[in-house]
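All remarks here apply to the structure that follows.
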Amino acid sequence: MSVGPFAEVANTLYAKVFGFPVAFRQQTEHDGQPTPLPWTYTDPPVHRRFSDIKGCELEWYVWSNTLRPYLAAVRSTLTAALCLENFSSQVVERHNKPEVEARVSPEVLLNPLVISRNENEKVLIEGSVNSVRISIKVKQADEIERILCHKFTRFLMMRAENFHILRRKPIEGYDISFLITNFHTETMYKHKLVDFIIQFMEEVDKEISEMKLSLNARGRIVAESFLQQFP
Numbered sequence: 054m055s056v057g058p059f060a061e062v063a064n065t066l067y068a069k070v071f072g073f074p075v076a077f078r079q080q081t082e083h084d085g086q087p088t089p090l091p092w093t094y095t096d097p098p099v100h101r102r103f104s105d106i107k108g109c110e111l112e113w114y115v116w117s118n119t120l121r122p123y124l125a126a127v128r129s130t131l132t133a134a135l136c137l138e139n140f141s142s143q144v145v146e147r148h149n150k151p152e153v154e155a156r157v158s159p160e161v162l163l164n165p166l167v168i169s170r171n172e173n174e175k176v177l178i179e180g181s182v183n184s185v186r187i188s189i190k191v192k193q194a195d196e197i198e199r200i201l202c203h204k205f206t207r208f209l210m211m212r213a214e215n216f217h218i219l220r221r222k223p224i225e226g227y228d229i230s231f232l233i234t235n236f237h238t239e240t241m242y243k244h245k246l247v248d249f250i251i252q253f254m255e256e257v258d259k260e261i262s263e264m265k266l267s268l269n270a271r272g273r274i275v276a277e278s279f280l281q282q283f284p
């Protein structure tokens, strides 16, 4: 597939900067013949899809290539952990509580599992016979992202009843936690619950990045307006 000399130069530059070349995929027409793709440039590289007027699509897989194995490991682990059943308390009669929260019967608890992409981005999955608790630590590169992440997750946790499986308080050391019980798996599709967790992990980084860009743009405008008073 040829996309012109500029594409080849840009591909080489990104290979030197990021350590791997830009990967893109070509969508074909209905007759099976490949459609020539125009070069589309974005800065910085993000996982976005660009379409021209002919319907050709160019997908950018710079960051998503490194994220995909991490999400695949989380998805497969969650799918295996969500084998839940109704289980009454062995301590209090006629009580049915999430054992991963109560922790009064060690024999019904599974070993916790940490899936880590790096020291700043990881997932803790704690399983039991009737419930699973998922705690997520979101990537935070600087102080601005830490503040934005805290505000964003706090906004969601204050509305936890609208999400059904969201905890109002995260586990210590993590930014947000989810609790899935056997009652959730009985009334909801298991694969949809896993898809929701994976989609949240994909979208939360993008939301924080967009908020950071918006904050920087607003700060730049405010600074320019303020400095115009001093010729």
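The numbering used here numbers the first residue of the sequence shown as 54 and each following residue consecutively.
Each residue gets a CB set at the ideal place from its N, CA and C atoms; glycine is no exception.
Next item on the list: Closer than 6 Å by C-beta to I251: which residues in its own chain qualify, once you throw out the five before and the five after it? Chain order, please.
Entry: Locating residue 251 in the sequence shown gives position 198, counting from the first residue. Closer than 6 Å at the Cβ level, and outside the excluded window around I251, lie L124 and R128.
Notebook entry, point to check: Beta carbon of D258, beta carbon of V191: below 9 Å?
Noted result: Your numbering for residue 258 matches position 205 in the sequence shown. Your numbering for residue 191 matches position 138 in the sequence shown. The Cβ-Cβ distance between D258 and V191 falls below 9 Å.
Notebook entry, point to check: Within this structure, are the beta carbons of I261 and E196 separated by less than 9 Å?
Noted result: By 1-based counting over the sequence shown, the position of residue 261 is 208. By 1-based counting over the sequence shown, the position of residue 196 is 143. No, Cβ-Cβ distance for I261 and E196 is not below 9 Å.
Checklist line | Pairwise C-alpha distance: R170 and T119 | finding: Residue mapping note: residue 119 aligns to position 66 of the sequence shown, counting from 1. Residue mapping note: residue 170 aligns to position 117 of the sequence shown, counting from 1. Annotation: T119 to R170 spans about 9 Å, alpha carbon to alpha carbon.
Margin query: Which runs of the beta strand (DSSP E) at least 3 residues long sit entirely within the region 211-267? Give them in chain order.
Written below: Whole beta strand (DSSP E) segments, 3+ residues: 229-234.
Note to self: So the candidates are L246, M211, H148 and E239; which of them puts its Cα closest to the Cα of T130?
What the structure shows: Start at 1 with the first residue of the sequence shown, and residue 130 comes out as number 77. Cα-wise, what sits closest to T130 is L246.
Check: Quick one: what does DSSP say L135 is sitting in, helix, strand or coil?
Finding: Taking the first residue of the sequence shown as 1, we reach residue 135 at position 82. In the structure shown, L135 sits in coil (DSSP, three-state: anything other than H, G, I, E or B).
Checklist line | M241 versus A270 - alpha carbon distance | finding: As a first step, residue 241 must be located in the sequence shown, where it is residue number 188. As a first step, residue 270 must be located in the sequence shown, where it is residue number 217. Looking at the backbone, the Cα of M241 and that of A270 are separated by about 41 Å.
Checklist line | Paired residues, beta bridge with S169 - DSSP | finding: As a first step, residue 169 must be located in the sequence shown, where it is residue number 116. In the DSSP assignment, S169 forms a beta bridge with K175.
Notebook entry, point to check: Quick one: is G272 buried, meaning 16 or more other Cβ sit within 10 Å of its Cβ, or exposed?
Noted result: As a working note, residue 272 is residue 219 in the sequence shown. G272 comes out exposed.
Item checked: The alpha helix (DSSP H) enclosing V153, as first and last residue numbers -> On the sequence shown, position 100 is the one that residue 153 refers to. V153: member of the alpha helix (DSSP H) spanning E152 to A155, first to last residue.
Check: Can you give the beta carbon distance from N235 to S184, rounded, assuming they're within the 8 Å contact cut?
Finding: Position 182 of the sequence shown, counting from 1, holds the residue named residue 235. Position 131 of the sequence shown, counting from 1, holds the residue named residue 184. That pair is a contact at about 7 Å.
Next item on the list: Express the C-alpha separation of K265 and S141 in angstroms, rounding to a whole number.
Entry: For the purposes of this step, residue 141 is taken as residue 88 along the sequence shown, with counting starting at 1. For the purposes of this step, residue 265 is taken as residue 212 along the sequence shown, with counting starting at 1. Rounded to whole angstroms, S141 to K265 spans 46 Å at the Cα level.
Checklist line | Helix, strand or coil at R147 according to DSSP, with G and I counted as helix | finding: Start at 1 with the first residue of the sequence shown, and residue 147 comes out as number 94. In the three-state scheme derived from DSSP, where H, G and I count as helix and E and B as strand, R147 is classed as coil.
Next item on the list: Whole angstroms is fine: what's the gap from I200's alpha carbon to E152's?
Entry: The residue given as residue 200 occupies position 147 in the sequence shown. The residue given as residue 152 occupies position 99 in the sequence shown. Computed Cα separation, rounded: 33 Å.
Notebook entry, point to check: Just the Cα atoms here: how many angstroms apart are P165 and E154?
Noted result: Here residue 165 refers to the residue found at position 112 when the sequence shown is read from its first residue. Here residue 154 refers to the residue found at position 101 when the sequence shown is read from its first residue. Going by the C-alpha atoms only, they are around 13 Å apart.
Next item on the list: Using three-state DSSP, classify L163 as helix, strand or coil.
Entry: Here residue 163 corresponds to residue number 110 of the sequence shown, with the count starting at 1. Reduced to three states, the DSSP call for L163 is coil.
Notebook entry, point to check: Do you know offhand how far V157's Cα is from S188's?
Noted result: Translated into positions along the sequence shown, residue 157 becomes position 104. Translated into positions along the sequence shown, residue 188 becomes position 135. Each residue's Cα considered, the two are about 20 Å apart.
Margin query: I'd like to check one pair, T132 with K53: are the Cβ atoms closer than 9 Å?
Written below: The requested residue 53 does not occur in the structure, where the chain is confined to residues 54 to 284.
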